[in-house]
Structures are given as C-alpha cells and as structure tokens.
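Under this note's numbering, the first residue of the sequence shown carries the number 211, and numbering increases by one thereafter. Below is one structure, written out as structure tokens, with a few remarks after it.
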Amino acid sequence: MRVRRRTRTVALAAAAVATALALAACGSSPTAEKAPGNAGLDVSHPTGGDKETEGTPTPGGTLVVGMYTEARSFDPTIGSNLIASAVYDSLLRMDAAGNPQPFLAESMTTPDQGTTWVLKLRPNVTFQDGTPFNSQAVIFNVNRQLTNPAALGHLYTEPIASMDPTDDLTVTFHLKRPVGSFPVDFALPFSSGNLGTIASPTAIQKEGANYGRNPVGAGPLQFVDWIPNNKIDVKRFPNYWQKGKPYLDAIQFRPLSDTDTRYASVVNGDIDLDIGGFFQEVQRSSADPNLRTYYGPGGDGEFFYLNMHKAPFDDPRMRQAVAMAIDPKALNATQYGNVGSLATTAFAPGDPNYSAKAADAYPKYDPDKAKQLVADYKASGGDPSVEIEEGTSAVNIQYGQFMQAQLAAVGIDATVHTDDISTLITTVVQGGQFQMVQWISGPYENPYPFMFNQFHTGGINNYGKYSNPKVDALLDDAVGTSDPAERASDYQQAQELINADLPVLWMARAAKAAIARPNVKGVERYLSSELWFADTWKSS
C-alpha cells in the first residue's frame with residue numbers, strides 16, 4: 211500500500227466554521243444507525259462540569275491548554291480560532307438546546323416577525339484597551355463582515371439591508387426579508403464567523419493588517435503574546451464585566467497536532483486541558499477515572515468530502531462506487547473497536563431534523579455494484595484513480611490504508627497522501643486541491659449554520675463545491691422560517707437530495723471533546739469543542 215507524505219511548507223491555519231480535521235476516527239455500526247452518539251463514550255457532561263458539586267472556585271493559577279492545531283488569527287473576519295473565547299465574549303450564546311440566549315447583549319427581539327431585529331447591549335462594558343463597548347462598536351464589526359466578501363461571516367450578513375445605532379446601547383437591524391434564525395448568527399462558535407464576536411474598533415484601526423495577532427476584545431482574558439507553533443499567552447482582564455471573574459490568572463495555549471502526544475500530555479500533567487479530543491482519545495478518557503471527559507453528540511459527523519469539480523468525483527458513478535465500496539462491519543471492527551455509530555445523514559435518529567428517507571437513499575454496501583460502476587466509468591474513458599488526503603497521525607494513516615484497500619477491492623487505484631493539519635486545511639481543503647479528504651464537523655447544537663455552510667452553494671465549508679439549486683432553496687427557507695415544523699421539513703428534504711447527489715461520504719457521528727485533569731473545574735463548552743473560560747478554575 212502506498213502512503214506518501216507531502217513536504218512542501220505552507221502557512222499555518224486552524225479549522226474553519228465549524229470544521230476540523232478528524233485526527234482520530236469515530237467509527238460506524240455494522241447496521242443502520244439506531245440512536246445518536248457513540249457507544250462507550252462518556253456523555254454525562256456534554257457542555258461542561260457540574261458547578262453545584264465542584265465546590266467554591268479558587269482564584270488564581272495558570273491553565274495550560276493543548277490545541278489540536280495552531281490558531282490562524284484572532285480577527286473575527288478570518289476566524290478559524292478555537293480559543294478566541296478567551297479574548298472575546300459573544301453578544302449571544304447558544305444554550306444546550308441550540309437556542310441563542312443573552313450574554314453581552316441583554317436581548318435580541320423582533321417587533322415584526324423577523325424583518326426588524328432590535329439588539330440591546332449590556333451597560334458598563336469596556337474593551338480591554340478601555341474603548342467603550344457600544345452600538346457603534348457592534349455596527350463597526352458587523353460592517354467589516356458585510357463589506358468584505360472574503361470575510362468568514364460575510365454570508366450571514368446577506369439579509370441585512372441597514373443597521374442603525376438607535377442609542378448608545380441599542381442596534382436596530384433592518385433585513386431584506388424575514389429571517390427567523392437571525393439571532394443564531396450572533397451566537398455561533400467563534401471559528402464559524404460569529405457576528406457576535408465584537409473586537410475593539412480602536413485596536414483594529416490601530417493595528418490594521420496585524421490586528422489578528424494583536425487582538426483586543428471584551429472577554430475574560432487579554433492577549434499577551436504569540437510565539438507561532440509554540441504558545442499563545444493570555445492574562446486576566448481586571449475590568450471584565452462579570453465582577454470577580456475570570457478566576458484564572460492566565461492561560462497558555464499550546465498547539466499539539468499529534469493526537470497521541472496531546473493525549474499523553476493531559477494524562478501526565480504537561481497540560482491541564484485537551485481541546486478537540488477525537489474518538490479514540492474520548493474512548494480512552496471515558497475509561498480513565500483520573501480524567502474528566504466533556505462530550506456530547508449533536509448534528510453533523512465524520513465524513514469524506516468528495517471534490518465534485520475534479521475527476522473522478524465530478525462523475526456520479528464514482529461517488530456512488532466509493533460509497534458502496536466501504537464495508538461498515540470491517541470499518542467498525544478494524545478501526546474503532548465496534549463502538550462507533552454509523553452515519554448516513556447529517557442528523558441521527560431522534561433528532562427532529564432526521565430523515566429516514568435520506569438514510570434509506572444513502573448507498574448500501576455493495577461491492578459488486580461498485581465494481582460495475584467503476585468498470586462503466588473506465589470504459590467511458592475515465593481514470594478510476596483516487597488520492598485520499600489524511601493527517602499524519604498513526605490513526606489517520608491506518609484509516610487511510612483501510613480506505614485504500616476497500617477501494618482497491620472494487621477496482622479503484624487509491625494513493626494515501628498525508629499532511630499536518632495546518633497544511634491540509636489551508637492548501638488542500640481550503641485551496642480545493644483534493645479529490646477525497648477526511649473531515650469532521652460538529653457536533654452542533656443547532657442545524658444552522660452548519661447545514662447551510664456545508665451544502666449551500668458558496669457555503670464557507672462547502673469545500674467540495676457542491677451546488678444544487680433545490681437544496682439551496684430548502685436551506686434558504688429553513689433559515690428564514692420561524693416555524694419549527696417547516697424548518698425540520700426543509701432540512702429533511704434537503705438531506706434526501708444531498709444523499710442522492712453524494713457530495714460527502716458519510717462515516718460516523720462526530721466525537722469531539724474537551725478532556726481535562728480532575729483539578730480543572732468550571733468547564734463550559736459548545737458541543738463543537740469551543741470553551742468559555744470566565745468560570746474555569748483549578749483546585750489545589
């Protein structure tokens with residue numbers, strides 16, 4: 211089997227909205243998916259610790275955090291940063307049910323069923339450089355996303371017709387049409403182009419292009435320094451709006467891209483917290499009484515992007531062939547210990563957006579049919595050779611070799627290419643230089659925006675360049691409606707069309723976690739792994 215590693219050097223980057231590379235796989239069941247989540251994983255604390263049983267917070271100390279990739283930038287228009295929540299707070303925050311709740315904003319309401327939205331800010335909040343946190347600052351930041359087509363949050367600003375600073379603490383958004391989900395755009399993960407990430411206008415104007423490495427927010431900790439590929443240091447912001455917080459004096463973030471190294475570091479105490487624990491890490495930590503696992507299932511999962519603008523996956527026969535070539539029993543047994551949960555759609559059974567029709571439409575394991583499709587493609591002049599893009603960990607290489615063998619059995623000549631995460635993200639995936647690449651997205655509390663970003667034409671995570679006008683219309687309607695039943699129907703119909711087109715090769719439910727040593731308390735997180743640090747503390 212051929213495994214080839216690239217040697218070219220490129221700029222470092224982190225995973226975009228809502229996305230990150232699967233450094234460890236999260237398995238599949240040999241039969242149809244029965245329930246959300248992955249068997250054998252600790253789901254007792256999906257969004258954080260139990261504050262009532264953890265005791266009284268002890269102020270002070272430095273938290274050392276291991277990240278699965280280097281940060282790209284702290285600029286909200288660039289994003290791709292799992293640790294931005296140390297420096298920034300969000301205008302709104304998602305609750306465990308996926309509903310936006312007040313945070314830096316006291317409220318966001320509509321007087322007319324979604325065409326006008328009124329955002330009211332908390333008083334007496336300042337940025338870390340002393341700049342007032344007010345309506346002008348919000349408009350300045352949202353306008354940066356709106357006027358820059360390359361901005362990470364640009365698509366979320368599309369409905370905005372105008373913004374008015376009604377007073378110093380009130381912003382009125384006038385939309386082109388009713389958008390019932392508009393507040394969600396202000397409560398997204400920071401790495402997803404969240405419109406609720408508000409940076410100091412003074413600092414942005416002062417630093418210009420260098421702002422992304424010299425951030426100033428209104429969050430619990432303020433930026434100190436950044437040594438690329440080594441560490442990022444932040445310290446306590448004494449004038450934080452939540453009095454008495456944060457409890458920590460400082461946090462040091464270290465990029466540790468190797469899965470085994472990162473897990474060993476939290477086991478032996480070199481780091482206190484591991485952000486982005488994937489399936490095999492979570493499997494191990496769930497069985498370790500000396501570690502705390504924060505994980506919960508949600509929307510989306512682990513899959514392969516198929517590049518629909520490159521041969522051979524611009525031909526539906528080859529997309530169907532690779533889907534039919536993968537034996538889920540063998541995948542589960544050889545890669546994931548028979549404890550994963552097979553994914554054939556973006557949502558698991560039990561989720562209101564789940565579609566049984568979409569699951570039934572996904573190709574079943576059928577190597578004979580796959581062989582015939584490959585033969586037909588070859589007879590028509592096509593070249594059934596494929597490059598599989600993977601990470602550099604032993605788990606990734608093993609995964610790639612398994613896929614390579616499965617495809618070879620149906621006549622597809624596959625080569626495995628490996629790259630470090632940063633190279634994969636920037637050059638391979640965001641650059642569109644791939645045929646087939648392993649990816650993990652989610653889990654997410656809310657289907658918006660991940661379905662839109664991943665499958666809508668022009669979506670920021672639509673790396674395979676998938677485009678179906680019918681899917682676009684359904685996703686647009688899901689964003690605009692305030693009716694939960696209509697929204698669920700839109701997502702269900704969209705999944706049926708997506709599974710007919712096969713822009714992605716579904717693997718399993720996503721497993722992404724925070725893994726901490728037992729003295730780390732007050733953990734708060736989104737299911738997608740981004741943490742909130744104001745309440746985090748360390749016991750002695």
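All C-beta atoms, glycine included, are put in the ideal place defined by N, C-alpha and C. Computed from a predicted structure; not experimentally measured.
With distances taken between CA atoms, VAL532 lies nearest to ALA619 out of ALA371, ALA619, LEU398 and ARG719. The alpha helix (DSSP H) runs of length 4 or more contained entirely in the stretch 558-632 are, from start to end of the chain, 566-571, 577-589 and 604-618.
Under the three-state reduction of DSSP output, PRO448 falls in the coil class, being neither helix nor strand. For PHE644, the closest of ILE650, LEU634, SER651 and GLY652 by C-alpha to C-alpha distance is LEU634. Between LEU431 and PRO456 the beta-carbon gap is near 6 Å, inside 8 Å, which marks them as a contact.
DSSP places THR636 within a helical segment (H, G or I) once states are collapsed to three. The straight-line gap separating the alpha-carbon atoms of ALA721 and ASP377 is approximately 44 Å.
For the 8 Å CB-CB criterion, LYS261 and GLY732 form a contact. Taking 8 Å as the cut-off, the beta carbon of ALA718 is found closer than this to the beta carbon of SER551. In terms of CA proximity to SER402, SER300 leads the group THR503, SER300, GLY324 and PHE343. GLU512 sits in a strand when the DSSP states are folded into three classes. Counting of Cβ neighbours within 10 angstroms places HIS384 among the exposed residues, the total staying below 16. A residue is called buried when at least 16 other Cβ atoms come within 10 angstroms of its Cβ; GLN702 meets this threshold and is buried. For the pair ILE442 and PHE463, the CB atoms are nearer than the 8 Å cut-off.
For PHE660, same chain residues with a beta-carbon under 7 Å away, outside a window of 5 residues either side, are ALA228, GLY509, ASP510, SER651, GLY652 and TYR654 in chain order. When the alpha-carbon of ASN729 is set against those of PHE665, TYR736, GLY406 and THR272, the nearest one is in THR272. Closest option to ASN344, judged by alpha-carbon separation, among ALA428, ASN500, ILE370 and LEU684: ALA428.
Note on the stretch 315-385: whole beta strand (DSSP E) runs with a minimum of 3 residues are 315-319, 326-331, 370-377 and 380-385, in chain order. Under the DSSP assignment, PRO465 falls in the beta strand (DSSP E) whose first and last residues are 460-465. Judged by DSSP in its simplified three-state form, PHE433 adopts strand. Below 8 Å, enough C-beta pairs join the stretch 668-676 and the stretch 514-522 to call them touching: three or more. For LYS680 and GLN648, the gap between their C-alpha atoms comes out near 26 Å. Here SER410 is buried, its C-beta having at least 16 other C-beta atoms within 10 Å.
Rounded to the nearest angstrom, the gap between the Cα atoms of GLY363 and PRO399 is 11 Å.
A distance below 6 Å between beta-carbons, with the five flanking residues on each side excluded, links VAL476 to the following residues of its chain, in chain order: ASP484 and ILE725. Between PHE396 and MET277, the gap from beta carbon to beta carbon reaches 8 Å or more.
Beta bridge pairing from DSSP links ALA726 with LEU483 and ARG502. Secondary structure note for GLN311: its beta strand (DSSP E) is the uninterrupted segment 310-312. By the C-beta criterion, the stretch 530-549 is judged not to be in contact with the stretch 678-697, since fewer than 3 inter-stretch pairs fall below 8 Å.
Between LEU583 and ARG527, the gap from beta carbon to beta carbon is short of 8 Å. Taking a cut-off of 8 Å on C-beta distances, the stretch 500-509 touches the stretch 556-575, as three or more cross pairs fall below it. As DSSP reads the structure, SER475 sits in no beta bridge.
Membership of MET534 in the alpha helix (DSSP H) is indicated by the continuous run 526-535. Per DSSP, the unbroken beta strand (DSSP E) holding LEU715 starts and ends at 714-719. Cβ-Cβ separation between ASP623 and SER595: approximately 4 Å, consistent with a contact (criterion under 8 Å).
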